[in-house]
Structure formats: C-alpha cells, structure tokens
C-alpha cells in the first residue's frame, strides 16, 4: 500500500502536506515581519490639530487656565492611563504624543512559531516514535517491551528501567458484567531501587523517561491460572477479623476455632442462572468463586460456594464469615507503550501558542496625541488616538481620559 491508507498519519503524503503548510506559514511570516518591526520601532511624532480632527477616535475639551498651567494635570491623567508622553513646545501651545503595546503586534508571529514547533514535534514523532506492548501478570517485573506484531521488528526493546505489576482490579457497573473501570497498580525500579508507585487506568497513563504506558486490556494468564494466591477476609463469630492468603491446596483455618476449610473447586466467573444453578460464563476473573468444604476436627460440617461479587455467600451457618477478596497473581495487564521523541517539542509549542493567542487576541498597539492650544484665558485640549484592534474599547478609554481632565 504505497499510500499507507491504514496508517495515514505516518504516510509520506500526509507528512508532505504538513511540510507544505509549515513552509507556507514560514514564508508568510518572513515576508510580513520586517514591516511589522518597522511599525513597532517607529517613534510617535506630534500631529497638527487638523490631522487629529481627521481621526475616527478624537475628543476635545476646554480647560481653565493657560497651557502651561494645564500641562501638569494633563500629563498626570495620561500617565495614570499608562501613557508616558513626549512633550513638544510651540508658540501658544503644547503637543504630546505616546504609544504603548507595540510589541503586541508580534503575538501572531509567536503563534506562527508555535505552530511550526508543534508541527516539528508531530513530524518527529511520526518518523521516530516507537510503539510496543507488554502483558504483565500480577507480581511480574519486566525491563523490556515487545514490538507490535506486523511492525517488522522482533527483538525486545529495553526500557532503561523496570516496571512491576503489583495488583490489577476491575470494577463493574451494578447488576451488569460491563467493566466500569479497570486499573493496575505498578512500581517503577531503576538499578534495583524503587522509584515510585502509580495506579494506571485507561484515561490516566504512566509516563517515565519518555515511555508512556497505556492500559488497554486485561486477561487471565493461562500458565498461572492454577498457581494464584487466594486472599480471604475471615471474620469470626466474635467479630475478630484477619486476612489470610492461601495457595491452591492449602487449608483455610478460621482463627480461634477448630474449623478448617478445603478448596475443592474454583471458577473465574460464576453466576446464578434463573433456575438457581451456577455456571461459569467467561475465563476472565469477572466474579471469581471458590467451593469450600468445611470440617471440624475431621468431621464434615457443610460446603459453600463463595462468590466475590455476591457478599451474601460469605456468611457461614455457624456465624463465621469468609469473604473471597481476590485471586491474586493470575490476571495480567496489557499495556501499549509509546516512546515519542517529539513529545517534548509539542508541550513548549502549546505554551507558546497560548501566549501568542492571548497577546494577539486581547492586546493592541495604541497611539495617542494630545494638543494643548491657548484659547483666550483657557486651554483647548484636542485628543486623538489609533489602535490596530479593539478601537471601540480604546475610544471609551479616550472618553474616560477626557472626563478625568475635566475634574
């Protein structure tokens, strides 16, 4: 399949399209950036009253006193608004001009650079990423993973550390056999030393040293299905509780009594049929159950099927209680492992994109001109402004500046 329709995101034509898009973004940015830098670096120059009158954003206010006396209050208001004005003196008047936020014009280019960085990370991952798998039974530890079947690779892949599956659990929706959540408790080791533990679920993978472990499936290990460890919670009639772990063939003893139990049968998933009979419905541990025969001083007392998901089956006729908590060591967790060298480029690219979008969408380059002209015994203040975006918002700000000057 020359077009790799079954794996299009790694195909040559998809990568070629990404490269063309990146080239387009790069060329457009390089073409326009010099002009933008020229605008940013250009200082604000004073304008005549006629030039300000032609602006869309403009105001005029009459203040008491001569321009020299009104100057201080006008400068204070402009400084409070965030403008550090430059003063030009003239006969019978003064001119001020200022600008701020010029660098906000670079927001779009920061966004463009972030897109290129993200694309570079994505392409790096497509070309150099490595996918593998491992089936890890409870209690097992591994320092290698295995290539995905059909990838053409056969040799085990070293992790650079070891991972151990400590426990595996499945929770079901009430009254159904549909798994609600399954998780695996794992421990990471380096050079024989424990580094950390983590619970891995379907939506919460583990990442360590560039390898990300995704929990995708589970099952029962055939080679270990009869060599697990039964974990019982035993409560005596007097209320004493203890947890007991037994291997197949071991005898269960209820503490403080002479009652003993022998496991005579086991089912990985037992359920009650409509006629009250019991049947096994899957080889996965969806509802493990043990059939235990209890004796007292060698005399047979009774036998019970104890089902993990049916707590009522754990109560014995003599007042004792035996719960089946787990059949540990027989389930395995199936992990898909992805090692993506481009991932560490994508994260800074996303951060840069967020910064660039905030600058580009919420900030603007503003310029303001203020002319003070003598008008009899008063001072005429003419204010004009421009903004490359959010002009209505800037117009309201000019209005507020005008009101402050009147006070």
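Residue numbers (this note's numbering): 74 to 480. All C-beta atoms, glycine included, are put in the ideal place defined by N, C-alpha and C.
Counted within 10 angstroms of its Cβ, other Cβ atoms place residue i as buried (16 or more) or exposed
i	result
residue 233	exposed
residue 75	exposed
residue 97	exposed
residue 478	buried
residue 141	exposed
residue 172	buried
residue 405	buried
residue 397	buried
residue 284	buried
residue 291	buried
residue 343	buried
residue 246	exposed
residue 112	exposed
residue 393	buried
residue 207	buried
residue 231	exposed
Cβ neighbours of residue i in the same chain (closer than 6 Å, five flanking residues each side left out)
i	result
residue 204	221, 411
residue 364	337, 338, 378
residue 274	256
residue 446	166, 453
residue 83	199
residue 132	456, 471, 475
residue 419	191, 194
residue 278	285, 286, 287
From the options, residue whose alpha carbon lies closest to that of residue i
i	options	result
residue 432	176, 189, 387	176
residue 390	376, 219, 382	376
residue 118	466, 476, 458	458
residue 360	380, 133, 178, 440	380
residue 186	152, 94, 244	94
residue 461	147, 157, 110, 178	178
Cut-off 7 Å between Cβ atoms - residues of its own chain near residue i, not counting five sequence neighbours on either side
i	result
residue 297	210, 402, 403
residue 320	302
residue 115	none
residue 269	261
residue 421	190
heavy atom of the ligand GDP below 6 Å from residue i C-beta
i	result
residue 338	As presented, the structure is devoid of all ligands, the ligand GDP included, so that no description of it is given.
Beta-bridge pairing of residue i - partner residues as DSSP gives them
i	result
residue 274	256, 277
residue 203	412
residue 238	259
residue 452	136, 447
residue 168	161, 444
residue 220	205
residue 368	333, 373
Other residues of its chain near residue i: CB distance less than 8 Å, five sequence neighbours each side excluded
i	result
residue 324	333, 334, 335
residue 161	119, 167, 168, 169, 170
residue 249	none
residue 81	87
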